[in-house]
Amino acid sequence: MNRIVVLLLLLVPGLAAAAREPAQYTLRYDAASRVMRVSLCLDRAAARQRFAGDATAPDHVRDLSRSSGASLQRDGDGWNARDWRAGECLRWHADLGRIADANAHRSSLRASETITDPGGWLLMASGIEAADASVELPAGIAMSAPWTPLPSPDATRRYRIVHTPTDWLARLAIGHLSETTIERPGGRLHVAIGGKSDVAQRARLLAWLGRVSDAATTAYGRLPLADVQVLVIPVGAQREAVVFGQSTRGQGNGLSLFVDPSRDARAFERDWIAVHELSHLFHPHLGARGAWLAEGLATYLQNVLRARAGLLTPAQAWAELADGFARGRAATPRDRAPTLEHASLAMETDHGYGRVYWSGTAYWLVVDLELRRSSGGRLGVDEALRRFDACCLAKQDWTPQAFVERLDALLGTDVFARRWHEYRGLAQFPDIPALDDPADAAVRAAIMRAKDRSDAKSKAKD
Ligand SMILES: [Zn+2]
């Protein structure tokens, strides 16, 4: 084959598709019935191919069939297909309306969108790490998913879906959503705002999310992840501007914020939940055992980053931390308390949030102070997270120990792992360093001050 022919073959789009992911989803949504029809085609043959979703999938997947007409065998939470042929497709549909209504029934927060966890109905093919998806929606209907958007030549939406463990939470919303992208150095927030909001309210929500994004970039000058789903669900009149938030890791990175859009801009500026949830993007998935590390980091950063972005004064941020430590201490049983690690593992059933969150916050403050003191301000939690982002954040799953050991390796220190060993075994609330010690005044001021990145850049150019 001569060179020109090779070049022409590469330029023909259909042939270049040979390099695409081996798995290809096609999703078609019908707004009237709220049913999603799915097909999943695999390029490669297999003697035995398994398909599975989370534990609820067998209840949600309907009319499952193979394009070859061959049979499927149910096996636990999934299905097996023998003699899978190259190019064969699996087809099914899921009644998203019914799934969403059943979930909404268990929640006090009412949304007008169809919200489901795609882990419960989007079957994944085993042995495949990621898949491409094309999604067809009726006119006027939009979708918010944790998947990475891909360029599309037409009205069909295209995405890359990474396969994560099926028990990791994800949210997919379909309805009259208004979509906007917020770009900051390092990444994009794919914002979708639910239907129960007017134009002025949406403008106010976007201005607020812009400030929240700015706060996130004060950690080390950029967002930690390239693509993040931000699902904003108005849920009517509430006592606070933001009533509930959650970061999710299933099938990509996302955060959900349940808001009262009628609240004024100042009420949103007082909110801590959005910065907290965005701060979870700085660490990897750490599981229930690492909940104290994860919640501690997000709780520490929710105060530090808001102070740097001007959403709090440094004095207010220190007061928030001191109040939180007092609440955490009060929430810790005086005797026969389980270790912090055990309290983390039992947090969701025991609702022992106060102790777990604020013990973890103390960990990150103590480590940050120690690093900054010993390095003359050169190192700190920011610098550790920046280096972790550069090498390691894209890998999905870390044990807590591997995470802290890597942070130490990146800085040439031992403080992360040393304090981690100490804290995980604590049976009481940790000792908090004095937050008014004059010897630490400069270090405390540096923690709450944004670094001037543009200045650092222009100096590097000289
Ligand atoms: Zn959290």
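Residue 186 in the numbering used here is what sits at position 173 of the sequence shown, and the numbering runs on without skipping anything. Every residue, glycine too, gets a C-beta built ideally from N, C-alpha and C.
For Ile-128, the enclosing beta strand (DSSP E) begins and ends at 127–129. The nearest non-hydrogen atom of ligand 1 is 7 Å or more from the C-beta of His-364. Taking a C-beta distance under 8 Å as the contact criterion, Asp-145 and His-106 do not qualify as a contact pair. The C-beta distance from Asp-180 to His-298 rounds to 11 Å, too long to meet the 8 Å contact threshold. Judged by beta-carbon spacing, Arg-201 lies beyond the 8 Å limit of Thr-230, meaning their Cβ atoms are not closer than that value. Here Ala-254 is not near Leu-318, since their CB atoms are 8 Å or more apart. Those residues having their beta-carbon less than 6 Å away from any non-hydrogen atom of ligand 1 are, in chain order, His-289, His-293, Glu-308, Ala-311.
Counting along the chain, the unbroken beta strand (DSSP E) around Thr-161 starts and ends at 161–163.
Around the CB of Ser-387, fewer than 16 other CB atoms lie within 10 Å, so the residue is classed as exposed. For Ile-246, the secondary structure class from DSSP, reduced to helix, strand or coil, is strand. Nearest neighbour of Ala-455 by Cα position, chosen from Ala-307, Tyr-370, Pro-327, turns out to be Pro-327.
Only residues of its own chain outside the window of five on either side were considered, and among them Val-175, His-176 have a CB closer than 8 Å to the CB of Glu-142, listed in chain order.
With fewer than 16 other CB atoms across the displayed protein chains lying within 10 angstroms of its CB, Leu-163 is exposed. Around the Cβ of Ser-165, a 10 Å sphere holds fewer than 16 other Cβ atoms; the residue is exposed.
Here Gln-441 carries a coil assignment [DSSP, helix/strand/coil].
Residue environment for His-296: buried (at least 16 other C-beta atoms within 10 angstroms of its C-beta).
The segment 96–106 makes no contact with the segment 123–130, as fewer than three CB pairs between them are under 8 Å.
For Cys-54, the enclosing beta strand (DSSP E) has its first and last residue at 48–55. CA-CA distance, Val-256 to Leu-270, rounds to 8 Å. Taking a contact as a CB-CB distance under 8 Å, the pair Leu-53 and Leu-103 counts as one, their CB atoms being some 5 Å apart. Note that the C-beta distance between Gly-207 and Val-245 is below 8 Å. The C-alpha of Thr-412 lies about 29 Å from the C-alpha of Gln-62. Take Pro-443, set aside five residues on each side of it, and the residues of its chain with a beta-carbon closer than 8 Å to its own are Ser-372, Ala-375, Tyr-376, Val-379, Tyr-436, in chain order.
Ranking Ala-158, Gln-251, Leu-135 by CA distance to the CA of Asp-67 puts Leu-135 first.
Put simply, the backbone Cα of Asp-395 is about 28 Å away from that of Gln-441. Under the three-state reduction of DSSP output, Ser-147 falls in the strand class.
Annotation: Ala-250 to Glu-282 spans about 17 Å, alpha carbon to alpha carbon. Taking a C-beta distance under 8 Å as the contact criterion, Leu-236 and Gly-188 do not qualify as a contact pair. For Asn-116, the uninterrupted alpha helix (DSSP H) segment begins and ends at 109–118.
As far as DSSP is concerned, Met-360 takes part in no beta bridge. For Ile-460, no pairing in a beta bridge is given by DSSP. In the DSSP annotation of this structure, the continuous segment of the beta strand (DSSP E) that includes Ile-195 starts and ends at 191–197. DSSP links Ser-78 through a beta bridge to Arg-104. Between Arg-47 and Gly-110, the CB-CB gap stays under 8 Å. Of the candidates Glu-361, Gln-214, Phe-64, Val-369, the residue whose Cα lies closest to the Cα of Thr-352 is Val-369.
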